[in-house]
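470 is the number of the first residue of the sequence shown in this note's numbering; add one for each residue after it.
Read through the structure below, which is laid out as structure tokens, and then see the notes.
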Amino acid sequence: MLSNQSSLTFKKLMSLINDNPLNGTTKIKYVRHKDNREFCDLFEDALSNINNLEEYQRIQSRNVFKGLDYIISFLGTEKKKALFWGVFKVKNETYNSDNLYEYDLEEMPQFNEFKFRLVVDWGDATLAWHQHYTSDKNILEIYPVGGLDKFPGYEYVNLSWKQLTQVLEKEVWRTALQNQKAVYLITDTSNGKKYVGSAYAKTMLLNRWGNYAKNRHGGNIQLEQIPKEHIEKNFRYSILDIFKSTTDDNIILHRESWWKNILLSRHAEFGYNSN
Numbered sequence: 470m471l472s473n474q475s476s477l478t479f480k481k482l483m484s485l486i487n488d489n490p491l492n493g494t495t496k497i498k499y500v501r502h503k504d505n506r507e508f509c510d511l512f513e514d515a516l517s518n519i520n521n522l523e524e525y526q527r528i529q530s531r532n533v534f535k536g537l538d539y540i541i542s543f544l545g546t547e548k549k550k551a552l553f554w555g556v557f558k559v560k561n562e563t564y565n566s567d568n569l570y571e572y573d574l575e576e577m578p579q580f581n582e583f584k585f586r587l588v589v590d591w592g593d594a595t596l597a598w599h600q601h602y603t604s605d606k607n608i609l610e611i612y613p614v615g616g617l618d619k620f621p622g623y624e625y626v627n628l629s630w631k632q633l634t635q636v637l638e639k640e641v642w643r644t645a646l647q648n649q650k651a652v653y654l655i656t657d658t659s660n661g662k663k664y665v666g667s668a669y670a671k672t673m674l675l676n677r678w679g680n681y682a683k684n685r686h687g688g689n690i691q692l693e694q695i696p697k698e699h700i701e702k703n704f705r706y707s708i709l710d711i712f713k714s715t716t717d718d719n720i721i722l723h724r725e726s727w728w729k730n731i732l733l734s735r736h737a738e739f740g741y742n743s744n
């Protein structure tokens, strides 16, 4: 679950950390990394291969970390938001034969508690991806510990397609989704269109979502017409209603129809449901 931390700022939080190396210097910069990929792809790649992200930060075309003792690194998300990565000590720099600057960076373990959990408002100057540590930044959210390794509760499930494929391999998620009937929602973030589906009878939610992970469209007529690459990039999966396995299938079907009416997902302008 996300919690609103609007009254807390980044510097205030840093002041609460024991043995904080930032207290002894002013040679510090905020850094906000953002490339041309969607944020979910950048973030998921960071979690699966942290070495790639470290290399991405370590080599720069300009000497942006010159004279610094520390950099405070974030990953850029949508609009002005930034997700905290960590604090790195700048040990030394070299200029290589490819006309690139290489930095020897050491991550400070004192800040691991908030790694990939803390979201701040970067401010209006989002084009300035590196800034001196003179201003403060408001904390917008703090994610719960554990990420995808823990099941957050049915009402908090909100997964990209790639995340869906990952959680279906985790025992805690499989246990939570098996033997559960449900009405679920698929949202196309590129246009806001929605698909309402249900899992009942022998399929249950685990098997139903397993089909989406495997073939992207799950056998749904309109979804079959959408390129797999579009689904992988733009689709998100959540749960509208959850039911125990003994619930009468007619109840699930009635709720599915109700949600389709509420979300207008049978209308081409708003959704992908054919019936």
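No residue lacks a Cβ here, since even glycine has one placed at the ideal position from N, Cα and C.
Query, Result
"Contact set for residue 650: own chain, Cβ-Cβ below 8 Å, skip 5 residues either direction", "667, 668, 669, 673, 674, 711, 712, 713, 714, 716, 718 and 721"
"Three-way DSSP call (helix, strand, coil) for residue 494 in this model", "coil"
"Spatial neighbours of residue 607 in its chain, beta-carbon cut-off 6 Å, leaving aside the 5 residues before and after", "478 and 590"
"Rounded C-alpha distance that separates residue 645 from residue 501", "36 Å"
"For residue 507, three-class secondary structure by DSSP", "With a pLDDT of 48 at residue 507, under the threshold of 50, the predicted position of this residue should be treated as unreliable, and no value is reported."
"6 Å Cβ shell around residue 656 - same chain, five flanking residues per side excluded", "663 and 705"
"Rounded C-alpha distance that separates residue 695 from residue 680", "15 Å"
"Residue 523 versus residue 554: straight-line alpha-carbon distance, rounded", "10 Å"
"Distance between beta carbons of residue 639 and residue 701, contact taken as under 8 Å", "No, residue 701 and residue 639 are not in contact; Cβ-Cβ is about 19 Å, not under 8 Å."
"Spatial neighbours of residue 618 in its chain, beta-carbon cut-off 8 Å, leaving aside the 5 residues before and after", "639 and 641"
"CA-to-CA distance, residue 573 to residue 734, given in whole angstroms", "52 Å"
"Identity of the residues DSSP links to residue 575 by a beta bridge", "558"
"Where residue 641 falls: helix, strand or coil (DSSP)", "helix"
"Three-state class that DSSP yields for residue 726 in the structure shown", "helix"
"Same chain, Cβ closer than 6 Å to residue 609, neighbours up to 5 away in sequence not counted", "588 and 590"
"Outcome for residue 581 when other beta-carbon atoms lying within 10 angstroms are tallied against a minimum of 16", "exposed"
"Residue 675 at chain B interface by Cβ criterion, 7 Å", "Chain labels in this structure do not include chain B; a single protein chain is all it has."
"Spatially closest choice to residue 556 from 597, 546, 605 and 490, by CA coordinates", "490"
"Segments assigned alpha helix (DSSP H), at least 4 residues, entirely inside the region 681 to 722", "697 to 703"
"Straight-line gap, residue 498 to residue 602 (C-alpha atoms, nearest Å)", "5 Å"
"Member of 665, 737, 684 and 739 whose CA lies at the smallest distance from the CA of residue 728", "665"
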